[in-house]
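Under the numbering used here, residue 724 is the last one in the sequence shown; the count climbs by one each step, no gaps. Heads up, the beta-carbon is just placed ideally off N, CA and C, and yes, glycines get one too. Right, one structure below, let's go through it.
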Amino acid sequence: GPKALTGTSTRGTGLPSVNAPFTIGGVINDGRAATPPSIVFGTSPYAADGGSGAQLTISNYWLYQFYGKDDDYNSWFPRINENSSLAPGVGYTMKGSSGDVPITNQQNYVFKGKPYNGDFTLELYKSHISPAGDVDRLIGNPYPSALDSRLFILDNLSTANGGTNTEGNIFNGALYFWDHFGYANSHNLGAYVGGYATRNLTTGVKAQATDARINNDNSWGDKTPGQYVPVNQAFFVSTALDGFEDINTNEIPSVSGGDIVFKNSQRAFQKESLPIGNSVFMKTEKAKEATIQNKESSKEETKPIIKLMFDSPTGYHRQIAVGAVENTSNNFDLGYDAPIADIGKEDMFWIIQGVKFVIQGVPNFDDNQEFPIGLKIAKAGLARIKIDVLENMDEDISVHIKDKLTGETHNISQKAFEINLEPGIYLERFALTFRMQKLVAEDVSTEVLIPTATQPIIERIHVFMNNPMKELQIKNNSTDEILNIALINSLGQIVKTWNSNFNIRIISLPVNIATGVYLVQINTKMGSEVQKVVVE
Numbered sequence: 189g190p191k192a193l194t195g196t197s198t199r200g201t202g203l204p205s206v207n208a209p210f211t212i213g214g215v216i217n218d219g220r221a222a223t224p225p226s227i228v229f230g231t232s233p234y235a236a237d238g239g240s241g242a243q244l245t246i247s248n249y250w251l252y253q254f255y256g257k258d259d260d261y262n263s264w265f266p267r268i269n270e271n272s273s274l275a276p277g278v279g280y281t282m283k284g285s286s287g288d289v290p291i292t293n294q295q296n297y298v299f300k301g302k303p304y305n306g307d308f309t310l311e312l313y314k315s316h317i318s319p320a321g322d323v324d325r326l327i328g329n330p331y332p333s334a335l336d337s338r339l340f341i342l343d344n345l346s347t348a349n350g351g352t353n354t355e356g357n358i359f360n361g362a363l364y365f366w367d368h369f370g371y372a373n374s375h376n377l378g379a380y381v382g383g384y385a386t387r388n389l390t391t392g393v394k395a396q397a398t399d400a401r402i403n404n405d406n407s408w409g410d411k412t413p414g415q416y417v418p419v420n421q422a423f424f425v426s427t428a429l430d431g432f433e434d435i436n437t438n439e440i441p442s443v444s445g446g447d448i449v450f451k452n453s454q455r456a457f458q459k460e461s462l463p464i465g466n467s468v469f470m471k472t473e474k475a476k477e478a479t480i481q482n483k484e485s486s487k488e489e490t491k492p493i494i495k496l497m498f499d500s501p502t503g504y505h506r507q508i509a510v511g512a513v514e515n516t517s518n519n520f521d522l523g524y525d526a527p528i529a530d531i532g533k534e535d536m537f538w539i540i541q542g543v544k545f546v547i548q549g550v551p552n553f554d555d556n557q558e559f560p561i562g563l564k565i566a567k568a569g570l571a572r573i574k575i576d577v578l579e580n581m582d583e584d585i586s587v588h589i590k591d592k593l594t595g596e597t598h599n600i601s602q603k604a605f606e607i608n609l610e611p612g613i614y615l616e617r618f619a620l621t622f623r624m625q626k627l628v629a630e631d632v633s634t635e636v637l638i639p640t641a642t643q644p645i646i647e648r649i650h651v652f653m654n655n656p657m658k659e660l661q662i663k664n665n666s667t668d669e670i671l672n673i674a675l676i677n678s679l680g681q682i683v684k685t686w687n688s689n690f691n692i693r694i695i696s697l698p699v700n701i702a703t704g705v706y707l708v709q710i711n712t713k714m715g716s717e718v719q720k721v722v723v724e
């Protein structure tokens, strides 16, 4: 149950919590009227399926807690009802009250009562199960304001691992949010469509429908958990670090469990936003996928982030993320590397010290870095890896997939990597790598610059033959749209043409031709320019 924090152990108010347990029936009301009436709770699984009447009805058949063995569906226990006493911070499931209507329909609820305030704890004990072992618990934001996930995670990580908790590592440093994005009106588990979105100190990734127990229909969610957890949003925490059993324990931080710490100092004023932003409630109407970065992100969200999307031969999808974060390493870093919650029939994941992850934090992105990627393929066919999201990336860094079997490197900054694969699990073949493509000062004398009457030479288009990398590099600082590019030899013959993927600042084009002097013809909507380069 909850415990008050006292004395110097608190980092917020320093005052003990006086928060009392609550009941669902005692706090939730029908928000359709100016004076919100109470809600009727029925015992039948179908009590709320008949439509919305004068009084809202909720089926208490679907009210559950989760506190038990890691990744055990039977740990949805015990079933609770509207009169069950729940400690502050406890999460619970509840189905809707609007009857047989589209999932996009919204229901207005009003929560009445004394808002929670202060510092308190909630149990996450490995001894909760017998025999003792890794446990998961469904918890949530107990405050009437947003909860800063970064501060919440740090307050539950040990001081030895960069956190503030003197009692050890309480959970594995990741928050897992259920995102239900299916439209089937069914109480049958096999008809559910959804998955677990993940958030840690590095970033957040959206959910994929991969669980074999439900309708894993190859779809994915459209909401990514931000830094701030909205009011009433529930999420899972876990003590599990699966896969490290065979690794020297001195190299891996232990997650002991204990008292989950909630503090007033974790609270923040942050408006809820959809579908992008720092505070995203996971159970909202389906919205068009966001493709731009939220301009109101906090200063904490300025780290370079790459999110990759995997499209499998049979249509499964997975988003994974890597971020360049201070105080991290290329090995496992608790709180910055998030274990993957669910592996699908076909899937993609990072491999860190032989273990599968969905998010990883690393020191930097440079041309010496190589991050192994694992693929799981069930049916022979075309697999695709592409860039899904880039945040705060240096324009002079290009992103590549390295195939260690063929020795080839594919620039996914320009085009998705596609490959036909046979069924199997590929743990050592593929990796994410980088190339630094900045045109340095000593290259200026060999650059060819294309000027216009209205823009100075140095600010427009740079053309540079990077002979060590065998790449023709074109840096477009103008607003002109490049339509196509041709490489012409000294006899006036076109030896190479490129017709697409020009909507990026730095264009890197592979050139594997004989030594000599060549002309580069760049056709833009403003006209055509021809300049000279030397291939060595």
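In terms of DSSP beta bridges, what is residue i paired with?
i, result
"residue 608", "570"
"residue 525", "522"
"residue 579", "493"
"residue 281", "252"
"residue 268", "The partner list for residue 268 (beta bridge, DSSP) is empty, contrary to what the question assumes."
"residue 620", "559 and 589"
"residue 151", "Lying before the first or after the last residue shown, residue 151 is absent from the chain, which here runs from 189 to 724."
"residue 564", "535 and 613"
"residue 598", "589"
"residue 334", "456"
"residue 653", "660"
Given a cut-off of 8 Å, decide if residue j and residue i are closer than it, judged by their beta-carbon atoms.
i, j, result
"residue 415", "residue 507", "no"
"residue 220", "residue 296", "yes"
"residue 536", "residue 562", "yes"
"residue 251", "residue 280", "yes"
"residue 273", "residue 211", "yes"
"residue 236", "residue 277", "no"
"residue 663", "residue 700", "no"
"residue 222", "residue 388", "no"
"residue 490", "residue 558", "no"
"residue 448", "residue 358", "yes"
"residue 423", "residue 365", "yes"
"residue 576", "residue 617", "no"
"residue 501", "residue 534", "yes"
"residue 383", "residue 367", "yes"
"residue 550", "residue 597", "no"
"residue 443", "residue 360", "yes"
"residue 694", "residue 587", "no"
"residue 649", "residue 673", "no"
"residue 275", "residue 209", "yes"
Return the first residue and the last residue of the alpha helix (DSSP H) that residue i is part of.
i, result
"residue 342", "337-342"
"residue 212", "212-215"
Do you know offhand how far residue i's Cα is from residue j's?
i, j, result
"residue 216", "residue 419", "14 Å"
"residue 306", "residue 552", "38 Å"
"residue 343", "residue 719", "59 Å"
"residue 733", "residue 704", "Lying outside 189 to 724, the shown extent of the chain, residue 733 is not represented and no answer is given."
"residue 428", "residue 293", "36 Å"
"residue 670", "residue 680", "22 Å"
"residue 580", "residue 313", "39 Å"
"residue 362", "residue 233", "33 Å"
"residue 339", "residue 523", "11 Å"
"residue 583", "residue 513", "18 Å"
"residue 218", "residue 311", "31 Å"
"residue 688", "residue 322", "51 Å"
"residue 677", "residue 499", "39 Å"
Which term fits residue i, buried or exposed, when burial requires 16 or more other beta carbons within 10 angstroms of its beta carbon?
i, result
"residue 377", "Note on residue 377: pLDDT 47, under 50, position unreliable in the model; no value is reported."
"residue 300", "exposed"
"residue 412", "buried"
"residue 452", "buried"
"residue 667", "exposed"
"residue 651", "buried"
"residue 457", "exposed"
"residue 613", "exposed"
"residue 554", "exposed"
"residue 484", "Note that residue 484 scores 34 on pLDDT, short of 50, meaning its location in the model is unreliable and no value can be drawn from it."
"residue 497", "buried"
Along the chain, where does the beta strand (DSSP E) containing residue i start, and where does it finish?
i, result
"residue 308", "308-312"
"residue 432", "Here residue 432 belongs to no beta strand (DSSP E), and DSSP marks it neither H nor E."
"residue 389", "No beta strand (DSSP E) contains residue 389, which DSSP labels as neither H nor E."
"residue 712", "704-712"
"residue 684", "682-686"
"residue 698", "694-698"
Just checking: is the beta-carbon of residue i within a distance shorter than 8 Å of some beta-carbon in chain C?
i, result
"residue 522", "Absent from the structure: chain C. Only one protein chain is present."
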